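S.K.: Here it is: the structure, laid out below.
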């Protein structure tokens, strides 16, 4: 990913936070010359056994867990030891020149994204796959849900888990792009932040929150 220097994250914790807060990733891998690359949207979490807490905010070396439908041709194409790209998209929104209060001006789009490369290990064990599913539920219920207790559904999980393809993913490299009007003068960037913060659009308010964290 091409990242101009002024759009790089202030520190590595920004990338970790984005991955945690936006865990629906796009997994991309090489396909055949005829069909092109595979791309699959899937949930990804930090492995709670090894990477539940990332002090210092570093992604390289982290262990992630993901899963997809085994019927997906992408699953058959994945190989243990193969390289996979995971992309995570964070807060983003259109920037209208009306908020700049200057002429000339051009519209743009503020956005945040993290690209993570790593090595895949396919999980073949049913019990280990079930644990990945349960860990994913725990992570998402704790962050996005209402604390749902899955105990009463574990028998159902066991029925469907043979159709789930789970994998471990060891991060070997990560790049983040946080395009938040850093190229603009301070006063213009502040006008954008204020406009976003007062918007009824959740995307804009979330983007404003990140802009408030800029040095």
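Residue numbers (our numbering): 0 to 214.
In this text, a Cβ means the ideal position worked out from N, Cα and C, and glycines have one as well.
These numbers were taken from a predicted model, which means no experiment stands behind them.
Should the segment 23-39 be regarded as contacting the segment 132-147, the criterion being three or more beta carbon pairs within less than 8 Å?
M.R.: They do not touch, by the three-pair rule.
S.K.: Under 6 Å Cβ to Cβ from residue 140, same chain only, skipping five residues before and after it: list those, please.
M.R.: What you label residue 140 is simply residue 141 of the chain shown in a count that begins at 1. Excluding sequence neighbours, residue 140 sits near 146, 147.
S.K.: Applying the 10 Å Cβ sphere with the 16-neighbour rule, what's the burial state of residue 210?
M.R.: On the chain shown, residue 210 is found 211 positions in, with the first residue counted as 1. Its Cβ being crowded by 16 or more others within 10 Å, residue 210 is buried.
S.K.: For residue 79, does the count of other Cβ atoms within 10 angstroms reach 16, so buried, or fall short, so exposed?
M.R.: Taking the chain shown and counting its residues from 1, one reaches residue 79 at position 80. Exposed.
S.K.: I believe residue 86 touches residue 2 by the beta-carbon criterion, under 8 Å. Please report the beta-carbon distance rounded to the nearest angstrom.
M.R.: As a working mapping, residue 86 is identified with position 87 in the chain shown. As a working mapping, residue 2 is identified with position 3 in the chain shown. Not a contact, Cβ separation roughly 13 Å.
S.K.: Please state the DSSP three-state secondary structure of residue 229.
M.R.: Past the boundaries of the shown model lies residue 229; the chain is included only from 0 to 214, so the question cannot be answered.
S.K.: Across which residues does DSSP place residue 68 in a beta bridge pair?
M.R.: By 1-based counting over the chain shown, the position of residue 68 is 69. 163, per the DSSP bridge assignment.
S.K.: Output the boundary residues of the beta strand (DSSP E) element that contains residue 196.
M.R.: The residue you call residue 196 lines up with position 197 of the chain shown. Taken as a continuous stretch (DSSP letters only), residue 196 belongs to no beta strand (DSSP E), being part of the alpha helix (DSSP H) at 185-196.
S.K.: Return the residue from the list 94, 11, 69 that minimises the CA-CA distance to residue 60.
M.R.: On the chain shown, residue 60 is found 61 positions in, with the first residue counted as 1. Comparing Cα positions, the closest option is 11.
S.K.: Since residue 173 and residue 14 should fall inside the 8 Å C-beta cutoff, what is the C-beta to C-beta distance between them, to a whole number of angstroms?
M.R.: Locating residue 173 in the chain shown gives position 174, counting from the first residue. Locating residue 14 in the chain shown gives position 15, counting from the first residue. That pair is a contact at about 6 Å.
S.K.: Looking at the secondary structure, which residues open and close the beta strand (DSSP E) in which residue 25 lies?
M.R.: Taking the chain shown and counting its residues from 1, the one referred to as residue 25 is at position 26. Its beta strand (DSSP E) spans residues 23-28.
S.K.: I need the DSSP call for residue 107, collapsed to helix, strand or coil.
M.R.: Counting from 1 along the chain shown, the entry for residue 107 is found at position 108. Note: residue 107 maps to strand in three-state DSSP.
S.K.: Can the beta-carbon of residue 175 be found less than 8 Å from the beta-carbon of residue 8?
M.R.: On the chain shown, residue 175 is found 176 positions in, with the first residue counted as 1. On the chain shown, residue 8 is found 9 positions in, with the first residue counted as 1. It is a contact, given that the beta carbons lie within the stated cut-off.
S.K.: Taking 7 Å as the cut-off, is the C-beta of residue 38 nearer than that to any heavy atom in the ligand MN?
M.R.: Here there are no bound small molecules, and the ligand MN is not part of this structure.
S.K.: Along the chain, where does the alpha helix (DSSP H) containing residue 45 start, and where does it finish?
M.R.: Walking along the chain shown from the start, residue 45 turns up at place 46. Element bounds for residue 45: not the alpha helix (DSSP H) but the beta strand (DSSP E), 37-45.
S.K.: Count the C-beta pairs between the segment 91-109 and the segment 191-207 that are closer than 8 Å, then say yes if the count reaches three, no if not.
M.R.: Yes, the segment 91-109 is in contact with the segment 191-207.
S.K.: Using three-state DSSP, classify residue 116 as helix, strand or coil.
M.R.: Here residue 116 refers to the residue found at position 117 of the chain shown. Here residue 116 sits in strand by DSSP.
S.K.: Could you tell me the distance, in whole angstroms, from the CA atom of residue 100 to the CA atom of residue 190?
M.R.: On the chain shown, position 101 is the one that residue 100 refers to. On the chain shown, position 191 is the one that residue 190 refers to. When rounded, the distance between both Cα atoms is 9 Å.
S.K.: Take residue 42 and list the residues in its own chain whose beta-carbon comes closer than 8 Å to its own, dropping the five residues that flank it on each side.
M.R.: As a first step, residue 42 must be located in the chain shown, where it is residue number 43. Counting only Cβ-Cβ distances below 8 Å, and skipping sequence neighbours, we find 22, 23, 24, 65, 66, 135, 139.
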